[in-house]
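These notes concern the structure reproduced below.
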Amino acid sequence: MVEQVNSFAIKTKNVSVHYGNKMAIDDVTINFTKNDVTSLIGPSGCGKSTFLRCLNRMNDVIDSCKVQGEFLLNGVTDIYGDSIQVETLREKIGMVFQKPNPFPKSIFENVAYGPKIHGLASTQSELNDIVMESLNRAGLYEEVKDRMDDIATGLSGGQQQRLCIARAIAIRPEIILMDEPCSALDPIATARIEELINELKENYTIIIVTHSMSQASRISQRTAFFHLGKLIEHGDTSKIFTKPDKEQTNDYITGRFG
Amino acid sequence: MNSLNKRLSAEKRFQAYGLFAVALSMFFVLILMWKIFSTGSGAFVRTTIEANVFFNPDFIQVNQNSLEKELYRASYVALADDVVRQNHPNLNEEQFIKVREMYTRKFDYQLRDYLLDNPDKIGQSIIMKITASSDLDQIVKGNYPRDVPEAQRKINDYQLSVLDKLTSEGKVSSVFNFWFFTKGDSRDPETAGIWGAVMGSLYALIICFSFAFPIGLLASVYLEEFVKPGKVTDIIEVNINNLAAVPSIVFGLLGLGMLIGVIGLPYQVPLVGGLVLGFMTLPTIIIASRASLRSVPPSIREGALAVGATKMQTVFHHVIPLSLPGTLTGTIIGMAQALGETAPLLMIGMVAFVMEIPGGPLDPATGLPSQIYLWSESAERGFLEKTSAGIMLLLLFLIIMNTAAVLIRRRLEVKW
Chain R
1 MVEQVNSFAI KTKNVSVHYG NKMAIDDVTI NFTKNDVTSL IGPSGCGKST FLRCLNRMND
61 VIDSCKVQGE FLLNGVTDIY GDSIQVETLR EKIGMVFQKP NPFPKSIFEN VAYGPKIHGL
121 ASTQSELNDI VMESLNRAGL YEEVKDRMDD IATGLSGGQQ QRLCIARAIA IRPEIILMDE
181 PCSALDPIAT ARIEELINEL KENYTIIIVT HSMSQASRIS QRTAFFHLGK LIEHGDTSKI
241 FTKPDKEQTN DYITGRFG
Chain W
259 MNSLNKRLSA EKRFQAYGLF AVALSMFFVL ILMWKIFSTG SGAFVRTTIE ANVFFNPDFI
319 QVNQNSLEKE LYRASYVALA DDVVRQNHPN LNEEQFIKVR EMYTRKFDYQ LRDYLLDNPD
379 KIGQSIIMKI TASSDLDQIV KGNYPRDVPE AQRKINDYQL SVLDKLTSEG KVSSVFNFWF
439 FTKGDSRDPE TAGIWGAVMG SLYALIICFS FAFPIGLLAS VYLEEFVKPG KVTDIIEVNI
499 NNLAAVPSIV FGLLGLGMLI GVIGLPYQVP LVGGLVLGFM TLPTIIIASR ASLRSVPPSI
559 REGALAVGAT KMQTVFHHVI PLSLPGTLTG TIIGMAQALG ETAPLLMIGM VAFVMEIPGG
619 PLDPATGLPS QIYLWSESAE RGFLEKTSAG IMLLLLFLII MNTAAVLIRR RLEVKW
């Protein structure tokens, strides 16, 4: 598969992450193609969440965490370089977390917060448009349009997670990182989110950590299998789930360990 | 089966012990309350004697055209004496002195205050309820026994006979004692009020809050959110916890030595009292505030950081507002504790006899607890009921503050 440099949203090379003396990621090199959904799978503690959080530098707040290696956004911008501020980076790379974490404010405020601090809207009506559009894209607008001023923590779990997705896309990122976004949700809410991810990949590059192999096979075009901090295999989802190159991958997806 | 019965009866015994402990403490609280209320309720009424008052211009040397300043400065002592003579005719000098003692010494002020409000009454007669002296008041309230030898009584036989005559004429009555809530301290129990002390405490608490709350909040936010944990923060943490346990009199000494001695702030003013109480409350606020900052889930911080908020925006837009109910609750409880603190006030001199109601934090004043302490030291029986009434007022303020703390926590608490 030959690809142009600029068709990669994020390129990483020789990434190692340590928590103190403990190695969490060991020499991982992986590129994420644009407008694809890439699933990171692997057993608990394999480092897939750690790796995901390196991509928008959420690990910065953990003092003991040391990140080495090369991270390039759109093939040019060094994510850990001096030329980019972490706030600007996170404007480009949004994130959705495992447990829905809406701010305990109104639904409107939740979505409007990002655009407000980045100055994306100069007038109130522009802000309203951004909020409406983001909620629309997250498939939540119809459900909440009559109660935009209600507190967001009163929504159901699935609605809260879609609100968090709306909050992430409201600042118009290029890439959305999702850290097990469905693990706290029931099957119906999960199906809604999966549907949404499918729609979002038209406009965004999505990198998702998931524990559910069926989910990975349903929603992603590319899949990367992590084990004990190492990237074992990375490739098209259909290939990983049918004819993996490595025996370890085969063992994992057939449920022999993990 | 047998062992199950044993365990069940052990549980019953344990519950009985618990019930006994609760009942015992309730019993002591009730005794305390009963004692305070039965002693203090007398302070809310005062005995008055009805008298015919003729504002004789000859005695006060003013007329209806006099300015308010002249009315204020006029001598009412002679008028007061005249009122006594008019209402008790045919007294010899010895009898006059005894009868005059039955009325409050501040009789003249009562006349002056009335005339200032009603200057048109000069040269006219009115019926007025004159406040009785504290000793007479105590006899009427039944706090002083009448059936003991005259030498052991503060009211002698002649005064008793006059009192009985006045009572039979229906001239002795009890009125609600507004003075207790509006006046400052006094040497005479019948005219002593708590308002000066309330204002002193209020100014001190305002200073205490404006000093301790912002500093406590900033310190806790910095320690909890910004500084990297290490040896230095550990030492600071231990010291803050120790400060919370330092006896309040030590803070009083700090105020006396530093604020008054080195910086040169005035003695016995609410400004110094408030600062000292602020030192004392600061650790409480910091501990409460840090605990409530810590209780804000990390997921909220992550959510804000992930949309590109800076650390400061995350803290000020999300973390502090969410932690504020806990911080405020801790602050109010700390201030309630400060309100009841006596020792620091003693050290910095807010325990003097102050008649004037303080107009600001730089006027000499007492505080509620130090006023109670002052009254409790006085020999007159009349101050005993003032002491208990003062305690009732202090307890009332404490209950209000603690209720406010609970309400704020309930109202603003975020449901996750």
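The listed protein sequences derive, respectively, from chains R and W.
Our numbering applies: residue 1 is where the first sequence begins, and numbers increase by one.
Our numbering applies: residue 259 is where the second sequence begins, and numbers increase by one.
Heads up, the beta-carbon is just placed ideally off N, CA and C, and yes, glycines get one too.
Around the beta-carbon of residue 437 of chain W, 16 or more other beta-carbon atoms lie within 10 Å, marking it buried. Under the DSSP assignment, residue 422 of chain W falls in the alpha helix (DSSP H) whose first and last residues are 415-426.
Between the region 603-619 of chain W and the region 459-476 of chain W, the count of C-beta pairs closer than 8 Å reaches three or more; the two stretches touch.
With a cutoff of 8 Å on beta-carbon distance, residue 647 of chain W and residue 302 of chain W are scored as near each other. If you draw a straight line from the Cα of residue 480 of chain W to the Cα of residue 567 of chain W, it comes to about 18 Å. Under the Cβ criterion (8 Å, minimum of three pairs), the region 68-77 of chain R does not count as touching the region 126-139 of chain R. Residue 297 of chain W is not a Cβ neighbour of residue 626 of chain W, given a cutoff of 8 Å. Within the same chain, 544, 547, 548, 551 come within 7 Å of residue 478 of chain W by CB-CB distance, once the 5 residues on both sides are set aside.
In the DSSP assignment, residue 605 of chain W falls within the unbroken alpha helix (DSSP H) covering 601-605. Within the model, the alpha-carbon separation for residue 184 of chain R versus residue 167 of chain R is close to 18 Å.
Bounds of the beta strand (DSSP E) holding residue 18 of chain R are 8-19.
Contact check for residue 55 of chain R against residue 10 of chain R passes: the beta carbons are separated by less than 8 Å.
Boundaries of the alpha helix (DSSP H) around residue 54 of chain R: 48-55. By the neighbour-count criterion, in which a residue is buried when 16 or more other Cβ atoms sit within 10 angstroms of its Cβ, residue 59 of chain R is buried. For residue 68 of chain R, no alpha helix (DSSP H) run applies; the uninterrupted beta strand (DSSP E) run containing it begins and ends at 65-73, by DSSP. In terms of Cβ geometry, residue 624 of chain W and residue 455 of chain W form a close pair [threshold 8 Å].
The Cβ atoms of residue 315 of chain W and residue 321 of chain W sit closer than 8 Å to each other.
The C-beta of residue 113 of chain R comes closer than 8 Å to at least one C-beta of chain W. Non-local beta-carbon contacts of residue 593 of chain W in its own chain, meaning distances under 7 Å to residues more than five positions away in sequence, involve 463, 466, 467, 539, 659 in chain order. Taking CB atoms only, residue 178 of chain R has no neighbour in chain W less than 8 Å away. Short of 7 Å from the beta carbon of residue 248 of chain R, and not among the five residues preceding or following it, lie these beta carbons of its own chain, in chain order: 227, 232. Contacts with chain R at 8 Å (Cβ-Cβ) do not include residue 584 of chain W.
Ranked by Cα distance from residue 8 of chain R, the options R:176, R:87, R:34, R:70 are led by R:34. In terms of Cα proximity to residue 212 of chain R, the closest of R:199, R:170, R:255 is R:255.
Residues of the region 564-596 of chain W with a Cβ closer than 7 Å to any Cβ of chain R, in chain order: 564, 565, 566, 567, 568, 571, 576, 580. Under a criterion of Cβ atoms nearer than 8 Å, the residues of chain W adjacent to residue 99 of chain R are, in order, 557. In this structure, W:377 is the residue among W:419, W:583, W:377, W:292 with its C-alpha nearest to the C-alpha of residue 332 of chain W. Between the alpha carbons of residue 339 of chain W and residue 443 of chain W lies a distance of about 25 Å. Put simply, the backbone Cα of residue 488 of chain W is about 11 Å away from that of residue 495 of chain W. When secondary structure is reduced to three states using DSSP, residue 80 of chain R falls in the coil class, being assigned neither helix nor strand. Look at residue 26 of chain R here: in three-state DSSP terms it is strand.
For residue 58 of chain R, there is no enclosing alpha helix (DSSP H), since its DSSP letter is neither H nor E. One finds 558, 561, 562, 576 in chain W with Cβ atoms closer than 8 Å to the Cβ of residue 103 of chain R, taken in chain order. If you ignore the 5 residues before and after residue 12 of chain R, its C-beta comes within less than 6 Å of the C-beta of 30, 71, all in its own chain and listed in chain order. With 16 or more other Cβ atoms from the protein chains shown falling within 10 Å of its own Cβ, residue 67 of chain R counts as buried.
Taking a C-beta cut-off of 8 Å against chain W, the contacting residues of the region 52-68 of chain R are 56, 58, 61, 63, listed in chain order.
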